[in-house]
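Chemist: Everything in the sequence shown is counted per the numbering used here, starting at 98 for the first residue and increasing by one.
Just so you know, even glycine gets a beta-carbon here, dropped at the ideal spot from N, CA and C.
One structure follows; several queries about it will come next.
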Amino acid sequence: MKYKTLSQVHTEAMHDPEYRAAYEAEEASEQLRETLASWRKEAGLTSAQVAERMGIKAPTISRMEKNASRMSIDTLVRYARACGVNFKIQQV
98 MKYKTLSQVH
108 TEAMHDPEYR
118 AAYEAEEASE
128 QLRETLASWR
138 KEAGLTSAQV
148 AERMGIKAPT
158 ISRMEKNASR
168 MSIDTLVRYA
178 RACGVNFKIQ
188 QV
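So this is what it looks like as structure tokens:
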């Protein structure tokens with residue numbers, strides 16, 4: 098019996114539109130999580146400090162960073178401003 102590597106299974110699965118959509122959505126979510134954390138760290142802020150600047154409780158920041166894909170645009174803008182970041186959303 099010949100076994101497939103994980104990479105081979107993934108490559109084959111990417112031909113399935115449903116799998117591809119789910120994979121790409123998770124990839125985008127991971128990118129956003131990393132971006133949020135980098136904004137905060139580059140600003141030299143703790144999650145508690147970002148929360149204070151946003152007028153919310155500190156545990157909320159942790160939840161936002163872990164589940165960024167559910168964040169509204171308004172919340173994303175408030176988070177960015179709390180970190181001293183200006184950004185623009187554009188289609189690529």
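#1: Quick one: Cα of residue 121 to Cα of residue 127, how far?
#2: Using a Cβ-Cβ cut-off of 6 Å (strictly less than) and excluding sequence neighbours within five positions of residue 166, which residues of its own chain qualify?
#3: By how many angstroms is the C-alpha of residue 98 removed from the C-alpha of residue 108?
#4: Which of the three DSSP states is assigned to residue 98 in this structure?
#5: What ranges does the alpha helix (DSSP H) occupy inside the region 128-163, keeping only unbroken runs of at least 4 residues that lie completely in it?
#6: Tell whether a beta-carbon distance below 7 Å holds between residue 140 and residue 148.
#7: Should residue 103 be labelled buried (16 or more other beta-carbon atoms within 10 Å of its own) or exposed?
Modeler: Reading from the atomic positions:
#1: Cα to Cα, residue 121 sits roughly 10 Å from residue 127.
#2: Sequence-distant partners of residue 166 (beyond 5 residues in either direction) whose C-beta falls short of 6 Å from its own C-beta, in its chain, are 126.
#3: Between the alpha carbons of residue 108 and residue 98 lies a gap of roughly 20 Å.
#4: Assignment of residue 98 by DSSP, reduced to helix, strand and coil, places it in the coil class.
#5: With a minimum length of 4 residues, the continuous alpha helix (DSSP H) runs that stay inside the region 128-163 are 144-151 and 155-163.
#6: In this structure, residue 148 does not lie closer than 7 Å to residue 140 by Cβ.
#7: So residue 103 ends up on the exposed side.
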